[in-house]
Each structure stands twice: as C-alpha cells, then as structure tokens.
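Heads up, the thing below is written out as structure tokens.
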Ligand code: HEM
Ligand code: HEM
C-alpha cells in the first residue's frame, strides 16, 4: 500500500507513517499563524495613533517577507521530501478538500505578490525591519496603486474565509467523524 509520496511507509515507524512529517507540520502551523497575524495587523492598525500604525505596517511588511520565504520553502519541501497522505476516504468530499488546499496555496501565492505590489505601486520602498527594498518599477499612478491595494484586500478576505471553512472541516473530522485527520497534522499528534 504505497500511498505516501516523498517517503515510504516502513514497518519500524507505523505510527509516524499516519502523520505528516515534522517539517510539513511546522510549516503548516507557522503559515497559519503568520497569515492570521498579517490579517489582524492590517484590520486593526487603523485604530491606533500614527507612530503605532507605522510600526504595525512595517511589522506587516517584514512578516510578509518572512511568510514569502516560508511559502517558497513549503512548496519545495512538499514537492521533494515532504510526506503526503492519502485522502480521508469520503468520496466527493475528498475532492472538495483537495480543491480547497490548492485554492489556499494559489490565494496565498497571489497575496504575497500583491503585498509587494501594494507597497511598490504606492511608490514606496518595502521595509524589512527598517532595511529598505526599493521598488523595481518607475512611478505608478495613484489609480493603479489603489486597484492593487484593493486586490490585496479582497484576496486577504478570501483566504480568511476559505481558511475558516478549512479549519471548521478539520474540527468536524476531529469531533464528529473522529477519523484522525486533524491529529495527523497536530504537532503532538
Ligand atoms: C497572507 C498574507 C497577507 C495578508 C492576509 C495581508 C492582509 C492585508 C490587508 C487586509 C491589508 C489592508 C488592505 C486595505 O485595507 O486596503 C493589507 C495592506 C498591506 N499589505 Fe498585506 N497582507 C499579507 C501579506 C503581505 C505581504 C507579503 C506584503 C509585502 C511584503 C504586504 C504588504 C502590505 C502593504 C504595503 C499594505 C498597505 C499598507 C498601508 O496601508 O500603508 N502584505 N494587507
Ligand atoms: C490561515 C490558516 C491556514 C491555512 C492557510 C492552511 C492551509 C492548509 C493547506 C494548504 C493544507 C494542505 C497541505 C498539503 O497537502 O500540502 C492544509 C492541511 C491541513 N490543515 Fe490547514 N491551514 C490553515 C489553518 C488550519 C487550522 C486552523 C486547522 C485546524 C483547526 C487546519 C487543519 C488542517 C489539516 C487537518 C490538514 C490536513 C488535511 C489532510 O491531510 O487531508 N488548518 N492546511
């Protein structure tokens, strides 16, 4: 039964074989944490005085750059050594789950690109904890900058709504179906 890619099931590690590998688990939860932090920073920086808002925007950009690195590493890991598990065995729902995961990857990738583009189309340098990364583009019109910012906002909301459904499905697996799907990605099993 060779359902795992990246690693094969061995008789000496039957329990490990039913779970994602440590690196995949770490990358999943760091991504989830960073995405939620990014969203909360952006939704709440408007409520603070100017210096705090500025600090929150710089933190958002800096974490965004870290998230970009994590995302790239995750794609490489998934495509090479990362363990992949068979679907839960729920027929059409397996296909829905797979499509959701693919959509999350696609939306995340788009959001990262739009994040860089938002800053640069506002004709400002990106800041990574104070280290400035200037725009590779020339002057961009205010209208274009606004459109890119709107796209970044819409994709952010799409990710949060889809990830919310994804998390709800994981909890349904755990508490209703009791099939161990959530446990296989939990850090402590
Ligand atoms: C999944 C990751 C991310 C999420 C969920 C997210 C979310 C958001 C949201 C909701 C806004 C507010 C948009 C508005 O109200 O018009 C925003 C603004 C912004 N984001 Fe992101 N973002 C992410 C990644 C990034 C990345 C990777 C960068 C750049 C490296 C970035 C740079 C910016 C900038 C420059 C702004 C505008 C800040 C300002 O108003 O001065 N974001 N982001
Ligand atoms: C912003 C937050 C999140 C994002 C972007 C996200 C994204 C993803 C993606 C893309 C996968 C597919 C992994 C792969 O096959 O390569 C995945 C798997 C998984 N996620 Fe999340 N996730 C998030 C939050 C959560 C939360 C909060 C939970 C639990 C409550 C959760 C539970 C799971 C489970 C159980 C799997 C494995 C599903 C399976 O093996 O069929 N995720 N997640």
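Numbering (my numbering), first residue to last: 1205 to 1393.
C-beta atoms are modelled at their ideal positions from N, C-alpha and C, and glycine is treated no differently.
With a 10 Å radius around its C-beta and 16 neighbouring C-beta atoms as the bar for buried, classify residue 1296 as buried or exposed.
-> exposed
Separation of residue 1381 from residue 1244, as counted between CA atoms = 31 Å
Quick one: is residue 1324 buried, meaning 16 or more other Cβ sit within 10 Å of its Cβ, or exposed?
-> buried
Pull up the DSSP beta-bridge partners for residue 1358, would you.
-> Bridge partners of residue 1358: none, in fact.
Is the segment 1359 to 1376 touching the segment 1268 to 1282, taking contact as three or more C-beta pairs under 8 Å?
-> no
Host alpha helix (DSSP H) of residue 1251 (start-end) = Neither: residue 1251 is in no alpha helix (DSSP H) and is coded neither H nor E.
Which residue or residues does DSSP assign as beta-bridge partners of residue 1330?
-> 1337
Do the CB positions of residue 1352 and residue 1311 come within less than 8 Å of each other?
-> no
Pair every Cβ in the segment 1282 to 1296 with every Cβ in the segment 1325 to 1340, then say whether three or more of these pairs are closer than 8 Å.
-> no
Less than 8 Å separating the beta-carbons of residue 1239 and residue 1331?
-> no
In the DSSP assignment, find the unbroken alpha helix (DSSP H) run with residue 1310 in it and report its ends.
-> 1296 to 1325
Hey, would you say the C-beta of residue 1342 is under 7 Å away from at least one heavy atom of ligand 1?
-> no
How many angstroms separate the CA atom of residue 1260 from the CA atom of residue 1247?
-> 10 Å
For residue 1280, is the beta carbon positioned less than 7 Å from some heavy atom of ligand 1?
-> no
Between the Cα of residue 1287 and the Cα atoms of 1230, 1376, 1359, 1369, which residue gives the shortest distance?
-> 1230
Going by other Cβ atoms of all chains shown within 10 Å of its Cβ, with 16 needed for buried, is residue 1368 buried or exposed?
-> exposed
Reducing DSSP to helix, strand and coil, say where residue 1343 ends up.
-> coil
Just checking my contact of residue 1386 with residue 1374 at CB under 8 Å: how many whole Å lie between their CB atoms?
-> 5 Å
Within 10 angstroms of the Cβ of residue 1216, are there 16 or more other Cβ atoms? Answer buried if so, exposed if not.
-> Unreliable positioning characterises residue 1216 in this predicted model, as indicated by a pLDDT of 32, which lies under 50. The coordinate reading is nonetheless provided below. Classification of residue 1216: exposed, given that the 10 Å Cβ count is below 16.
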